[in-house]
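Notes to accompany the following structure.
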Amino acid sequence: MSAIHRIIIDCDPGHDDMAAILLAAFHPSIEIEAITAVCGNAPLVHTADNALRIVDAFGLDVPVYAGAEAPLLHRYAFPAEFHGPSGLDSAGQGLPPARSQLQTQHAVDAIIERVEAAPGEITLVVIGPMTNIALALALRPSLAQKIKQVVFMGGSATEGNVTPAAEFNIWADAEAARMVFRSGVKLVMFGLNATHQTLMRREDVARIRQAHKGSNPVADIMDFYCGTYYRFAGADKPGAPVHDPCAIAWLIDPTIFDLVERPAEVLVGADGGYGQTLIDMRPQDPSHDARIRNVAVAIKADPNRFADLVTQALVWAAGRISANS
Ligand code: BDR
Ligand code: CA
Numbered sequence: 001m002s003a004i005h006r007i008i009i010d011c012d013p014g015h016d017d018m019a020a021i022l023l024a025a026f027h028p029s030i031e032i033e034a035i036t037a038v039c040g041n042a043p044l045v046h047t048a049d050n051a052l053r054i055v056d057a058f059g060l061d062v063p064v065y066a067g068a069e070a071p072l073l074h075r076y077a078f079p080a081e082f083h084g085p086s087g088l089d090s091a092g093q094g095l096p097p098a099r100s101q102l103q104t105q106h107a108v109d110a111i112i113e114r115v116e117a118a119p120g121e122i123t124l125v126v127i128g129p130m131t132n133i134a135l136a137l138a139l140r141p142s143l144a145q146k147i148k149q150v151v152f153m154g155g156s157a158t159e160g161n162v163t164p165a166a167e168f169n170i171w172a173d174a175e176a177a178r179m180v181f182r183s184g185v186k187l188v189m190f191g192l193n194a195t196h197q198t199l200m201r202r203e204d205v206a207r208i209r210q211a212h213k214g215s216n217p218v219a220d221i222m223d224f225y226c227g228t229y230y231r232f233a234g235a236d237k238p239g240a241p242v243h244d245p246c247a248i249a250w251l252i253d254p255t256i257f258d259l260v261e262r263p264a265e266v267l268v269g270a271d272g273g274y275g276q277t278l279i280d281m282r283p284q285d286p287s288h289d290a291r292i293r294n295v296a297v298a299i300k301a302d303p304n305r306f307a308d309l310v311t312q313a314l315v316w317a318a319g320r321i322s323a324n325s
């Protein structure tokens with residue numbers, strides 16, 4: 001049995017955010033202590049509501065907190081093209097309306113309080129823009145030494161998606177990401193260079209649908225996500241990249257990924273570079289290298305083991321929602 005990871009999931013659900021939450025809920029080595037929502041794929045009112053819907057629909061006993069309504073400086077129109085206007089649109093039946101309520105405490109305060117109550121124990125899994133984490137570190141810089149690690153989906157060592165250079169989560173609040181990168185907190189990065197290797201294949205969605213005939217909101221939601229990707233990237237593609245579950249999959253089974261420790265910075269200037277993660281991938285001999293390798297960067301994934309793990313979790317979730325509705 002692998003180690004138990006106590007985690008807070010900071011997210012902007014989001015189809016792949018939902019898959020990440022369900023993978024964490026599915027696996028016995030993960031304990032989700034809280035879910036904190038941030039604006040990103042959609043306005044906060046939707047991402048927080050989607051997080052509550054997920055918790056309720058799948059019967060997860062996890063408190064949900066709402067966080068930042070806006071990035072620190074960057075202003076953009078919340079995108080609807082990948083996740084739909086709600087942030088969690090479906091090709092069929094979506095998740096039912098939430099029954100439970102958001103916690104009254106702000107997400108940033110909840111993160112601070114929970115990390116300070118268990119120094120060195122809590123992993124932050126950040127799968128949306130880094131606004132909440134940057135605010136927590138601004139209020140309490142000492143948190144950087146108390147957070148066990150920040151495992152995040154964002155950035156890229158190669159191509160971007162929202163611009164040629166930048167990945168969405170980092171671009172959405174590059175100032176926040178820069179603060180986190182410079183904070184001294186331990187960082188583990190799953191960027192597009194890795195997540196473009198981790199596909200939800202057509203046969204995986206078919207397996208989820210087959211496992212639960214009749215109403216299957218999990219398969220419907222993944223169909224919406226993959227369908228959008230095929231319209232954008234080409235119908236010939238064997239699958240759609242599911243980014244966010246990579247962070248959880250690595251906690252469950254680190255052997256699925258190869259990582260390298262590298263110096264990294266977030267660019268906040270103009271000229272098309274805003275939001276780029278600049279990873280120094282030049283070969284370095286550690287014995288005479290004074291640069292600080294502040295980020296462990298995933299560079300390679302085992303696509304089959306990843307897809308099997310995520311599909312198993314979503315099959316489990318599809319059964320759980322029918323039992324819970
Ligand atoms: C990231 O952006 C969002 O659309 C996804 O949920 C993921 O976190 C991929 O660039
Ligand atoms: Ca996300």
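The sequence shown begins at 1 in my numbering and counts up by one. C-beta atoms are modelled at their ideal positions from N, C-alpha and C, and glycine is treated no differently.
Coarse secondary structure for residue i, derived from DSSP in three states
| i | result |
| --- | --- |
| Q276 | coil |
| K300 | strand |
| I112 | helix |
| R201 | strand |
| I122 | strand |
| T36 | strand |
| E167 | coil |
| I252 | helix |
| A66 | strand |
| I127 | coil |
| V310 | helix |
| E175 | helix |
| V266 | strand |
| R320 | helix |
Expected contact under 8 Å - CB spacing of residue i and residue j to nearest Å
| i | j | result |
| --- | --- | --- |
| V126 | V150 | 6 Å |
| A264 | L309 | Not a contact, Cβ separation roughly 27 Å. |
| A240 | Y229 | 4 Å |
| L342 | T123 | Only positions 1 to 325 of the chain appear in the structure, and residue 342 is not among them; the question remains open. |
| E31 | I9 | Between I9 and E31 the Cβ distance is about 11 Å, and since that is not below 8 Å, they are no contact. |
| L192 | T158 | 7 Å |
| L137 | L143 | 6 Å |
| A70 | C39 | 6 Å |
| R256 | F306 | One point to set straight first is that residue 256 is Ile, not Arg, in the sequence displayed. At roughly 5 Å, the Cβ-Cβ gap stays under 8 Å, so I256 and F306 are in contact. |
The beta strand (DSSP E) enclosing residue i, as first and last residue numbers
| i | result |
| --- | --- |
| F257 | 257-262 |
| G239 | 239-241 |
| R182 | Here R182 belongs to no beta strand (DSSP E), and DSSP marks it neither H nor E. |
| I292 | Run containing I292: none; DSSP gives neither H nor E here. |
Continuous alpha helix (DSSP H) stretch holding residue i: start and end
| i | result |
| --- | --- |
| H15 | 15-26 |
| Q149 | Run containing Q149: none in the alpha helix (DSSP H); it sits in the beta strand (DSSP E), 149-153. |
| V188 | Taken as a continuous stretch (DSSP letters only), V188 belongs to no alpha helix (DSSP H), being part of the beta strand (DSSP E) at 187-190. |
| H5 | Counting along the chain, H5 falls outside any alpha helix (DSSP H), though it belongs to the beta strand (DSSP E) covering 5-11. |
| T228 | 217-233 |
| T47 | 44-57 |
| A136 | 131-139 |
| K146 | 143-146 |
CB contact below 8 Å: residue i versus chain D
| i | result |
| --- | --- |
| K146 | Chain labels in this structure do not include chain D; a single protein chain is all it has. |
Check: residue i C-beta below 7 Å from any heavy atom of ligand 4
| i | result |
| --- | --- |
| D244 | Ligand 4 is absent from the structure shown, which contains only ligand 1 and ligand 2. |
When you compare the segment 261-279 with the segment 176-185, are there three or more beta-carbon pairs, one atom per stretch, that lie closer than 8 Å? yes
Under 8 Å, with one C-beta from each stretch per pair, do the segment 163-172 and the segment 204-219 reach the 3-pair mark? no
Are there three or more Cβ pairs, one per stretch, closer than 8 Å when the segment 184-194 is compared with the segment 138-148? yes
Three-pair Cβ contact test at 8 Å for the segment 275-289 versus the segment 39-54: no
With contact counted as at least three CB pairs below 8 Å, one residue from each stretch, are the segment 81-97 and the segment 217-226 in contact? yes
When the Cβ atoms of the segment 282-299 are set against those of the segment 253-263, are three or more pairs found closer than 8 Å? yes
Taking 8 Å as the cut-off, does the segment 14-25 touch the segment 53-72 (at least 3 CB pairs, one atom from each stretch)? yes
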